[in-house]
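Below: one structure, written as structure tokens.
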Amino acid sequence: MALVTEAFGGHGGIARYNRDLLTALSRSSPVEAVIVVPRFGDVEADLPPRVAQRAARPGRLGWSAAATEAALRMRPDAIFCGHLNAAPLAAALSRVLRRPLWLQLHGIEAWPDRGRTMRRAARAASLVTAVSRHTRRRFLGWSDLPPERVRVLPNTLDAVYRPRPRRADLVGRYGLEGRRVVLTVGRLAPSERYKGHDRVIAALPRILARVPDMVYLIVGGGEDRARLEALARTGGVASHVVFAGRVADGDLPDHYALADVFAMPSTGEGFGIVFLEAAASGLAVIGGDRDGSLDALADGAIGRAIDPDDPIALGDALVTALKTGEAADPAALRRFAFDHFARHVDALVRSLGR
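Just so you know, we're using full-length UniProt numbering here: the sequence shown kicks off at 1 and counts up by one.
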């Protein structure tokens, strides 16, 4: 049984990760069925074989009740907890049912010390997986778990991301004809300012002095858009910043194809699947060197890591990438293919039974 915030029918990076992991779980030969109990999201009719997803119940108490009812009625062989915030509930069910617990870590939720209750819940896990070495290291710093119990299971890359021609209608919509494009894909939320949109905007005057035809395309919606628009106006670069708003998942590959360089100088990313998507789409990629981005950048094989708080380094890296291009190592990208991810998940499932 899987307790998750979102999965099938959900939106965002965590929902996507959960969908990939649960799909891989359903294909593992020791697994007979996967019952998903999400806190948010719609129930999709198109689910992988051997996967069933319950309807989300409103509120934390409703979700906790649904998870408890499902666990006591079905008595699953193992419990997967898709977010640290749900670990106390998952640990309690694991103890009552005497079943192994698999805990998944994504990023900043696992970095600071979460206190005694969360530490006790985490210790109930037979297996903990983290999306990056950075998240694993930060979690081990406060959780008191044996290091061998915490593994790294990075995101996987959807094969739909590949180089493709620019769509003429999108070029016209955003005014990109004859312009070189730097792209960031990410939610514009005050809680996610660590992604670094404002850092790229601040670096634009330095970039435009050497690449005057450059434009910064921002894909993603959220409450922080007005602040970023104001920053662009104040910096005198508003004519070089285009806000595309939120884009449907099916249209994302065509938006990557519009750009020459992908930049997200983050300081708080758990992993950063967007780096892989951009690199697979043929873009040069630039990220920060402070967080889980280093795993997605494959220590330089997929993209360049810079100090996100150094505007000169960021500007110089973007100018170089715009002028020369820096393609990712195909072998490094292949390590994130779904078949590799599925084999890793299968091995982890088998380890739970030992």
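Quick reminder that beta carbons are idealized off the backbone N, C-alpha and C, glycines included.
**Message:** Taking a contact to mean a Cβ-Cβ separation below 8 Å, would you say valine 181 touches leucine 217 in this structure?
**Reply:** In this structure, leucine 217 lies closer than 8 Å to valine 181 by Cβ.
**Request:** Quick one: which unbroken alpha helix (DSSP H) runs of 4-plus residues sit fully inside the segment 93 to 179? Chain order, please.
**Result:** Counting only runs of 4 or more, we get 115 to 123, 133 to 143 and 168 to 174.
**Request:** Would you kindly report the start and end of the unbroken beta strand (DSSP E) that includes methionine 214?
**Result:** Run containing methionine 214: 214 to 219, per the beta strand (DSSP E) assignment.
**Prompt:** By a C-beta neighbour count over all protein chains shown, 10 Å radius and 16 as the cutoff for buried, is leucine 93 buried or exposed?
**Reply:** Taking a 10 Å sphere around the C-beta of leucine 93, we find 16 or more other C-beta atoms and assign the residue as buried.
**Reference alanine 328; option with closest CA among Ala91, Ala284 and Asp46** = Nearest C-alpha to alanine 328: Ala284.
**Asked** Can you tell me whether aspartate 113 is buried or exposed, with buried defined as 16 or more other CB within 10 angstroms of its CB?
**Response** Its Cβ having fewer than 16 others within 10 Å, aspartate 113 is exposed.
**Request:** Would you mind sorting valine 96 into buried or exposed? The rule is 16 or more other CB atoms within 10 Å of its CB.
**Result:** Burial call: exposed.
**Request:** Please classify glutamate 177: is it buried, with 16 or more other beta-carbons within 10 angstroms of its beta-carbon, or exposed?
**Result:** Burial is judged here by how many other beta carbons sit within 10 angstroms of a residue's own beta carbon; glutamate 177 has fewer than 16 and is exposed.
**Asked** Taking aspartate 158 as the reference, which of Arg350, Ala347, His344 and Phe338 has the closest Cα?
**Response** It is Phe338.
**Item:** Same chain only: Cβ atoms within 7 Å of proline 350, ignoring 5 sequence neighbours per side
**Value:** The sequence shown places arginine at residue 350, rather than the proline named in the question. Cβ neighbours of arginine 350 beyond the five flanking positions: Pro30.
**Range of the contiguous alpha helix (DSSP H) that encloses proline 38** = Per DSSP, proline 38 is not a residue of any alpha helix (DSSP H); the beta strand (DSSP E) it occupies stretches across 34 to 38.
**Asked** What did DSSP end up calling leucine 297 once you bin it into helix, strand or coil?
**Response** Coil, per DSSP.
**Message:** Give me the residue from Val128, Arg73 and His83 with the minimum Cα distance to threonine 147.
**Reply:** Reading the sequence as shown, one finds proline at residue 147 and not threonine. Taking only the C-alpha atoms, the option nearest proline 147 is Val128.
**Message:** Just to confirm, is the Cβ distance from leucine 314 to methionine 214 under 8 Å?
**Reply:** No, Cβ-Cβ distance for leucine 314 and methionine 214 is not below 8 Å.
**Item:** Assigned secondary structure, arginine 19 (DSSP; H/G/I helix, E/B strand, else coil)
**Value:** Looking at arginine 19 - three-state DSSP - the assignment turns out to be helix.
**Message:** I'd like the list of long-range same chain contacts for glutamate 6, defined as Cβ closer than 8 Å, with 5 residues on each side in sequence excluded.
**Reply:** Around glutamate 6: Gly12, Ile14, Ala15, Asn18, Pro38, Arg39, Phe40 and Gly41.
**Asked** Whose C-beta lies closer than 8 Å to the C-beta of arginine 162 among residues of the same chain, with five residues either side of it excluded?
**Response** These residues qualify, in order along the chain: Pro253, Ala280, Ser281 and Gly282.
**Message:** Taking the beta carbon of leucine 21 as the centre, do at least 16 other beta carbons fall within 10 Å, making it buried, or is it exposed?
**Reply:** Leucine 21 is buried by the Cβ-count criterion.
**Request:** Measure the Cβ-Cβ separation of arginine 138 and alanine 110 and say whether it is below 8 Å.
**Result:** Yes.
**Runs of beta strand (DSSP E) wholly within the UniProt domain "Glycosyl transferase family 1" (177 to 327) (minimum 3 residues, chain order)** = The qualifying runs are 180 to 185, 214 to 219, 241 to 245, 261 to 264, 284 to 288 and 304 to 306.
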